[in-house]
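Protein chains in written order, with the numbering used here: chain V, 287 to 581; chain A, 9 to 333. Beta carbons are placed, not taken as given, at the ideal position from N, Cα and C, and that holds for glycine. Only one structure is covered here, and it is reproduced in the block below.
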């Protein structure tokens with residue numbers, strides 16, 4: 287068996303893959319958070335709950351309506367996004383004039399309500415969501431065994447992240463978004479409907495969380511608490527990356543996922559906290575974050 | 009000139025009414041254990057002090073910490089360990105808990121004050137989650153079981169705290185010391201500088217104040233007082249568990265403060281009392297507490313950001329209570 291630093295290469299690659307998959311979810315979630323924060327100046331604490339909602343909606347679609355994974359991949363983000371847009375319109379939009387901390391507190395309350403309700407109806411135990419038949423099984427890559435679904439998650443998340451980045455950097459809608467981030471009043475004066483843009487942004491960001499949720503459903507179990515601990519790690523990812531750049535959020539997500547995977551190989555006890563430790567170091571060296579502009 | 013004297017007289021009258029109210033409240037607190045279940049009252053007092061300590065940071069310095077559970081639960085662990093494993097007296101155990109929480113506050117604050125606003129909240133949350141994982145794995149906390157069967161012991165070696173009334177007055181004493189300390193801090197020149205940082209950080213810097221040092225000092229004081237609350241709670245319930253270091257606990261103390269009124273002396277006490285009473289009431293029902301908690305959060309943020317006490321002050325036309333920004 288090939289060894290690297292006294293670690294079997296299979297174990298190393300296996301943990302790196304786990305890290306890469308976690309990183310895919312960190313990247314998608316921190317991307318959504320960064321988009322929402324960029325325009326709304328709101329830290330969306332409900333992001334973890336929306337991720338859980340995505341997984342649950344997918345699970346319920348399958349259990350009650352027989353709608354499978356592939357249609358759910360489209361339907362779930364739509365449902366989660368629309369529901370979030372209603373919340374934004376009715377409540378969140380009233381908080382733009384006050385201290386941004388109130389947005390954080392409101393979405394925190396929202397997360398508690400959503401998670402509490404699902405916990406009440408479904409308990410804390412996880413539900414199994416089987417991956418679609420096309421992606422079951424695995425491929426032998428010669429040096430390791432790759433479950434097909436996990437490979438798909440990595441590829442799909444890369445596509446989603448890249449697509450979102452292109453949407454923001456290269457399209458007209460993206461140009462409006464970026465302009466409104468810089469100066470909303472001026473953009474409104476040019477005749478762009480900024481409040482609608484805000485609603486849409488919150489919808490897109492939340493839809494990304496929902497999409498991450500349905501993609502995560504076959505990897506992790508579908509449980510009401512799946513998002514609540516994840517969101518704190520994603521916050522740390524966001525602090526490390528800095529909120530300034532969309533690309534920064536994506537790259538940091540993958541990097542920290544990999545770092546976590548590596549830690550699991552070399553020093554498993556610290557794998558839970560390695561991201562927080564990295565966050566502390568980054569705060570010492572570059573308080574604005576790796577990709578952030580000074581706040 | 010005439011106006012000034014009138015307002016001065018009014019001010020004096022108001023001050024007198026306030027002292028009268030404080031006196032009534034004190035008498036009520038002293039008499040309370042004869043009418044209510046002491047454990048319940050002690051829980052209220054511990055959480056009220058916790059919320060007041062948190063409010064010192066949010067209400068008077070303008071820093072939203074999302075990680076105060078680390079100090080509350082951390083102190084609970086330190087005290088429980090000292091009292092149970094090392095056989096320390098309760099007062100020494102509590103002091104160790106406070107010191108431990110202060111030290112923890114120094115470390116967490118050192119990192120957190122490097123960023124402001126929302127980032128500050130996220131960093132404190134992440135660091136407290138790190139502490140949670142530490143508590144989950146460290147041997148002395150006994151993992152998922154927590155430290156059970158912590159003896160209450162004898163205060164100063166001769167006052168038996170296993171008697172409910174003795175324990176109650178011990179907790180009441182701790183509570184009053186803590187609240188008095190906060191009141192002194194807030195109304196000292198130091199407290200004025202904290203408020204100026206809350207109102208306008210750049211201006212405080214330009215006036216020559218080392219803002220970072222003041223923030224850190226406020227953070228450590230708040231952590232130490234939260235630790236006092238946690239240390240007393242562990243003696244009341246005779247255990248220390250992971251529940252007290254979770255981020256849900258950090259959220260709870262925010263809710264208490266928000267509900268009562270951020271930046272008022274009385275608000276956090278009222279908020280803590282209401283939340284503890286509500287939890288007590290809901291504990292026997294099937295209904296999920298988190299849904300109610302979350303809903304109150306949303307309603308508070310949307311409809312009355314000043315909180316209950318803040319609203320009352322606003323109706324009475326008091327101007328010195330801090331306006332919810």
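The DSSP-derived three-state label of residue 292(A) is coil. Distance from the CA atom of residue 166(A) to the CA atom of residue 574(V), rounded to whole angstroms, is 54 Å. Taking 8 Å as the cut-off, the beta carbon of residue 56(A) is found no closer than this to the beta carbon of residue 234(A). Between residue 139(A) and residue 76(A), the alpha-carbon positions lie close to 11 Å from each other. By the CB criterion at 8 Å, residue 159(A) and residue 261(A) fall outside the cutoff. Non-local C-beta neighbours of residue 413(V) in its own chain, meaning closer than 6 Å and more than five positions away in sequence, comprise 345, 508, ordered along the chain. As the crow flies, the alpha-carbon of residue 513(V) is around 8 Å from that of residue 336(V).
Not a single C-beta of chain V is nearer than 8 Å to the C-beta of residue 290(A). In the assembly as shown, residue 298(V) is a buried residue. Its beta-carbon has 16 or more other beta-carbons within 10 Å. Of all residues in the region 350-379 of chain V, only 377 come within less than 9 Å of chain A when Cβ atoms are compared, listed by chain position. For residue 257(A), the nearest beta carbon of chain V is not closer than 8 Å to its own beta carbon. Using a Cβ-Cβ cut-off of 8 Å, residue 562(V) counts as an interface residue toward chain A, since at least one Cβ of chain A sits closer than that to its own. At least one CB atom of chain V sits nearer than 8 Å to the CB of residue 145(A). Interface flag for residue 555(V) against chain A is set, since a Cβ pair is found closer than 8 Å.
Boundaries of the beta strand (DSSP E) around residue 432(V): 431-433. Counting only Cβ-Cβ distances below 7 Å, residue 577(V) has no contacts in chain A at all, with the closest Cβ about 14 Å away. Comparing alpha carbon positions, the residue from 394(V), 467(V), 426(V) closest to residue 320(V) is 467(V).
Runs of the beta strand (DSSP E) lying entirely within the region 388-428 of chain V and spanning at least 3 residues, in chain order: 424-426. Taking a 10 Å sphere around the C-beta of residue 131(A), we find 16 or more other C-beta atoms and assign the residue as buried. Taking a cut-off of 8 Å for Cβ pairs, the region 396-403 of chain V and the region 291-308 of chain A touch, as three or more such pairs fall below it.
By the criterion of a C-beta distance shorter than 7 Å, residue 123(A) is surrounded in its chain by 131, once the five residues flanking it on both sides are discounted. Not flagged as an interface residue toward chain V: residue 78(A), since no C-beta distance is shorter than 8 Å. Proximity of residue 512(V) to chain A, defined by a Cβ-Cβ separation below 8 Å, is not satisfied.
For the pair residue 241(A) and residue 19(A), the Cα-to-Cα distance works out to about 38 Å. Judged by DSSP secondary structure, residue 242(A) falls within the alpha helix (DSSP H) whose first and last residues are 219-245.
No Cβ of chain V is located within less than 8 Å of the beta carbon of residue 172(A). In terms of beta-carbon proximity, residue 532(V) stays away from the interface with chain A, with every pair separated by 8 Å or more. Secondary structure remark: continuous alpha helix (DSSP H) runs of at least 4 residues inside the region 433-512 of chain V, in chain order: 434-456, 458-468, 470-475, 480-502.
Counted as a single uninterrupted DSSP element, the alpha helix (DSSP H) harbouring residue 191(A) occupies residues 172-194. The beta carbon of residue 56(A) sits no closer than 8 Å to any beta carbon of chain V.
Contact check for residue 478(V) and residue 462(V): beta-carbon distance about 5 Å, within the 8 Å limit, so the pair qualifies. Contact between residue 316(V) and residue 538(V) holds, since their C-beta atoms are separated by about 7 Å, short of 8 Å. The three-state reading of DSSP puts residue 574(V) in coil, since its state is none of H, G, I, E or B. Residue range 255-268 is occupied by the alpha helix (DSSP H) that includes residue 260(A). With fewer than 16 other CB atoms across the displayed protein chains lying within 10 angstroms of its CB, residue 296(V) is exposed. For residue 396(V), the nearest CB of chain A lies under 8 Å from its own CB, placing it at the interface with that chain.
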